[in-house]
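Colleague: According to the UniProt record's numbering, the sequence shown is numbered sequentially starting from 1. Positions of the beta carbon are idealized from the N, C-alpha and C atoms, including for glycine. Take a look at this one; I'll ask things after.
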Amino acid sequence: MPKKLSKLLESNSFLTNLVLLALLGGLIRLVFAVYLPLDGDEAYQILISNVAVIPMLKATLSAYPPLWSFILHFFEQIFQNYIVVRFLSGIVGTISIIIIGLIGRALFNPKVGILTALVFALSPTQIYYSSYLRVYAFAILVSLLTFILFINFLKHSSSAFKDNLLLFSIMTLGNYTYYLYPVLTLSLLTYLLYKIRTLGSKFKTFTILFILALLITLPLYLSFLRVEPVPSAALPQFSLQKIFLIPVHYTFPLNLAIAINPEILSINNLKIMLLGFSLVNIGLLAFTFTGRLKKNEQFLTIMLIIPILITIIFSIMVFSVFGLRSILIFSIPFYLFIGISIAKNGFLKNVYVIVSIITILSTLIFFAKKPSSAVDSFVFNNVNLKQPILHTEMTTFYYYSYKMPQLDHRAAIDSLYMNQINKTVLGFIPTELSKLKDKEFWLIEVIPSPLHKNQAVQFKSCVGKTHNQTLLQKFSDVNIIKYEPKTR
1 MPKKLSKLLE SNSFLTNLVL LALLGGLIRL VFAVYLPLDG DEAYQILISN
51 VAVIPMLKAT LSAYPPLWSF ILHFFEQIFQ NYIVVRFLSG IVGTISIIII
101 GLIGRALFNP KVGILTALVF ALSPTQIYYS SYLRVYAFAI LVSLLTFILF
151 INFLKHSSSA FKDNLLLFSI MTLGNYTYYL YPVLTLSLLT YLLYKIRTLG
201 SKFKTFTILF ILALLITLPL YLSFLRVEPV PSAALPQFSL QKIFLIPVHY
251 TFPLNLAIAI NPEILSINNL KIMLLGFSLV NIGLLAFTFT GRLKKNEQFL
301 TIMLIIPILI TIIFSIMVFS VFGLRSILIF SIPFYLFIGI SIAKNGFLKN
351 VYVIVSIITI LSTLIFFAKK PSSAVDSFVF NNVNLKQPIL HTEMTTFYYY
401 SYKMPQLDHR AAIDSLYMNQ INKTVLGFIP TELSKLKDKE FWLIEVIPSP
451 LHKNQAVQFK SCVGKTHNQT LLQKFSDVNI IKYEPKTR
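Shown next, in the form of C-alpha cells:
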C-alpha cells in the first residue's frame with residue numbers, strides 16, 4: 001500500500017475515533033446538564049446575562065471579562081430555561097474533547113491523542129464544568145485553542161502570517177474571556193525564553209504578539225480599573241491547602257462535592273469513589289516522571305508548573321486570585337500526561353477506562369435518583385404571592401429569584417460579598433422594615449453565615465418588635481422562618 005494512502009487511512013481512522021469519543025463525551029455532558037442541581041452562582045449568571053448590555057457590563061466586569069456574558073446574553077434572548085442554556089456549555093465541552101485529542105497527536109502520536117481525548121471526555125471535572133453555564137468550559141476551550149495554535153506556531157516559519165494572526169487572535173480572545181488568561185500566554189513566553197538558543201526567532205515573534213494582544217486588551221483593563229471592585233471578602237483566599245488540592249481538583253472539583261452533599265466534610269461512597277479516581281490520576285501523573293522526559297514532555301512540565309507558580313506569586317504579592325476554579329485553564333498538561341501514562345500499558349488503559357465509566361455512571365445515577373430539594377418544595381408549597389420572602393444571603397436570593405420569579409424576593413440585610421452595582425442591578429437592596437408593617441413574610445436564613453451573622457441577629461431583633469415568629473423550619477443549610485404581625 002502506498003505510504004500516502006496509508007497515512008490518509010490512518011488519519012481518517014484517528015479523526016473518526018476522535019469524533020465518536022467527542023460525541024460520547026458530549027452526550028454525557030448533556031445528560032449531566034439535565035440532572036445537575038442548579039446553584040446560586042449559575043442563577044446569578046443567568047439573571048445578570050439577561051439584563052441590558054451596559055448594566056450587565058458594569059456589574060460583571062469587576063469579576064470576569066465580558067465575552068462569555070455577551071454570548072449568554074444573546075443566547076438567552078432565544079432560550080430562558082437554564083438546562084437549555086447549559087447545553088451551550090456542553091457543546092463547548094464537546095469541541096474541547098476534539099481539540100485536546102488533536103493536541104495529543106500533534107505533540108506525540110495518534111494513540112496518545114485518542115487516549116487523552118478519552119481521559120478528558122470521562123473527567124468528572126470537565127463533565128461538571130461542561131454541564132455548568134458559567135465561563136469555565138469556554139475558558140478551557142480557549143486555553144486548548146491556544147495550545148494547539150502555539151504548537152502550530154512552533155512548527156512553521158516565523159514568517160507564516162496566517163499562523164501568527166490566528167495565535168494573536170486567540171490570545172486576545174482569551175484576554176477578553178478570563179482575567180487570569182495572560183498567565184497562560186506568559187508561561188508560553190517563559191518556555192520560549194527557556195529555549196531561546198533554538199527558538200530565538202520564535203521568542204521575538206511571540207513577544208510581539210503577546211504585547212499586541214495586551215495593547216488590544218487595554219480598554220478592558222482600563223474599564224476594570226474604573227468599575228467598583230469586588231469586596232475583599234468575596235476574593236478567594238490563598239492557602240497551602242489549596243495548592244495540595246490542585247491535582248485532586250483537576251479530576252474531582254469542590255463544586256461537585258458540594259452538589260453531592262452541601263456538608264463538604266460529610267463522606268459517602270460516591271465521594272470516596274471520586275476521590276479514589278482522583279488519586280489514581282495523580283498516581284498516573286507521577287508515573288510519567290519516573291523516566292527521562294522527552295522534549296514535548298518537558299514543554300508540558302513547564303506548562304503544568306509555571307502558570308500555577310505565577311498565580312501563587314501574584315496572590316501573595318498583589319492580591320489573592322488563588323481559587324481552585326481559577327486554575328482550570330492551566331490544567332491541559334495534566335490530562336495529556338494521563339494519556340501518555342495509559343498509552344504505555346494496554347492493561348492499565350483498560351482498567352482506567354472501566355474505572356472511569358463506573359465513576360461517571362455512579363455519579364450520574366446519584367443525581368438522576370436524587371430527590372428534589374426539600375427546601376424548594378417547602379417554599380413552593382407554603383409561600384403565597386402576597387407574602388414577601390426576605391433573604392440573608394444573595395445566593396438564595398438569586399437562586400429563588402430565578403426558580404420562582406412569581407414570588408416577591410427581597411434582601412433582609414446588606415451583603416458584604418457583592419459590590420453595589422450588582423446589588424442594584426439585580427435588586428438585592430435591604431428592605432425597609434416600615435414596608436413590612438402589617439404584612440406576613442418569610443425569612444430564608446443561610447446557616448452558617450459567619451460574615452453576616454450579626455446583621456441577621458440584629459434584623460431578627462428589630463423585626464421581633466412588630467412581628468411574631470410563628471413557624472421555624474430547619475434544613476441542613478438554611479432556616480426558613482415565618483413572621484406574622486403582632487395583634488394590637
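1) Within 7 Å of any Cβ in chain C, is that where the Cβ of Phe-32 sits?
2) Would a C-beta distance cut-off of 7 Å place Leu-390 and Leu-443 closer than the cut-off?
3) Going by beta carbon distance, what residues of the same chain come within less than 6 Å of His-249, once the five residues before and after it are set aside?
4) Can you grab the Cα-Cα spacing for the pair Leu-439 / Pro-485, in whole Å?
5) Among Ile-282, Ser-341, Phe-299, which residue has its Cα nearest to the Cα of residue 489?
6) Kindly indicate which three-state DSSP category Asn-479 falls into: helix, strand or coil?
7) Within 10 Å of its beta-carbon, does Gly-113 have 16 or more other beta-carbons around it, so buried, or fewer, so exposed?
8) In whole angstroms, give me the CA-to-CA distance for Phe-70 and Lys-465.
9) Could you tell me how far apart the beta carbons of Val-446 and Asp-477 are, in whole angstroms, since I believe they sit closer than 8 Å?
10) If you count every other CB in all the chains shown that lies within 10 Å of the CB of Leu-142, and 16 or more means buried, which is it?
11) With burial defined as no fewer than 16 other Cβ atoms inside 10 Å of the residue's Cβ, what is the status of Ser-13: buried or exposed?
12) Just to confirm the assignment, what range does the beta strand (DSSP E) spanning Phe-441 have?
13) Tell me whether Gln-420 sits in a helix, a strand or coil according to DSSP, three-state version.
14) In or out: Leu-18 buried (at least 16 other Cβ within 10 Å) or exposed?
15) Whole angstroms are fine: how far does the CA of Phe-397 sit from the CA of Pro-388?
16) Cα separation between Tyr-35 and Met-273?
17) Whole alpha helix (DSSP H) runs in the stretch 130-186 with 4 or more residues, listed along the chain?
18) Which partner residues of Asn-468 appear in the DSSP bridge assignment?
19) What residues in its chain sit with their C-beta under 7 Å from that of Leu-5, if we drop five residues either side in the sequence?
20) Grouping DSSP H, G and I as helix and E and B as strand, with all else coil, what is Pro-430?
21) Expressed to the nearest angstrom, what Euclidean distance is found between the alpha-carbon atoms of Tyr-136 and Ser-239?
22) Check Leu-107 in the structure and name its three-state DSSP category.
23) How many Å lie between residue 489 and Ile-103 at the Cα?
24) Can you check which of these residues, Pro-229, Gly-101, Ala-106, is closest to Ile-421 by C-alpha distance?
25) Counting only the same chain and skipping the five closest in sequence on each side, list residues whose C-beta sits under 8 Å from that of Leu-199.
26) List the whole-angstrom C-beta distance separating Lys-349 from Leu-115, where the pair is believed to meet the contact cut-off of C-beta under 8 Å.
27) Using a Cβ-Cβ cut-off of 6 Å (strictly less than) and excluding sequence neighbours within five positions of Ala-22, which residues of its own chain qualify?
28) If you compare alpha carbons, which of Leu-284, Tyr-128, Val-84 is closest to Val-351?
29) Could you have a look at Ile-61 and say whether DSSP puts it in helix, strand or coil?
30) Per DSSP, which residues does Gln-473 bridge with? Please list them.
31) Could you give the first and the last residue of the continuous alpha helix (DSSP H) run that contains Leu-240?
32) For Ser-315 and Asp-376, what's the separation of their Cα atoms in angstroms?
33) Given that a residue counts as buried once 16 or more other Cβ atoms are within 10 Å of its Cβ, and exposed if not, what is Ser-461?
34) Whose C-alpha, out of Pro-448, Asn-468, His-452, is nearest the C-alpha of Lys-474?
35) Within 8 Å, do at least three Cβ pairs link the stretch 157-171 to the stretch 339-349?
36) By the three-class DSSP mapping on this structure, what secondary structure does Leu-38 have?
Modeller: In terms of the structure at hand:
1) In the structure shown, chain C does not exist; there is a single protein chain.
2) yes
3) These residues qualify, in order along the chain: Leu-324.
4) The residue asked about is misnamed: residue 439 is Lys in this sequence, not Leu. About 6 Å.
5) The structure shown does not extend to residue 489, since the chain is modelled only from 1 through 488, so no value can be given for it.
6) strand
7) buried
8) Between Phe-70 and Lys-465, the C-alpha separation is close to 46 Å.
9) 7 Å
10) The residue you asked about is not Leu; residue 142 is Val in the sequence shown. It is buried - the Cβ of Val-142 has at least 16 other Cβ atoms within 10 Å.
11) exposed
12) 441-446
13) Gln-420: helix per DSSP, three-state reduction.
14) buried
15) 12 Å
16) The straight-line gap from Cα to Cα measures roughly 19 Å.
17) The stretch 130-186 contains, as complete alpha helix (DSSP H) runs of 4+ residues, the segments 136-155, 161-175 (chain order).
18) Glu-484
19) Low local confidence applies: a pLDDT of 43 at Leu-5 is under 50, so the model's placement there is unreliable, with the coordinate-based value given in what follows. Answer for Leu-5: no residue qualifies.
20) For Pro-430, the three-state secondary structure derived from DSSP is strand.
21) 22 Å
22) In the structure shown, Leu-107 sits in a helix (DSSP, three-state: H, G or I).
23) No information on residue 489 is available, as it lies outside the stretch 1 to 488 that the chain covers here.
24) Pro-229
25) Leu-154, Leu-192
26) 7 Å
27) Thr-94, Ile-97, Ile-98
28) Leu-284
29) Correcting the residue identity first, residue 61 is Leu in this sequence and not Ile. In this structure, Leu-61 counts as coil in the three-state DSSP scheme.
30) Ile-480
31) 240-249
32) 38 Å
33) exposed
34) For Lys-474, the nearest C-alpha among the options comes from Pro-448.
35) no
36) coil
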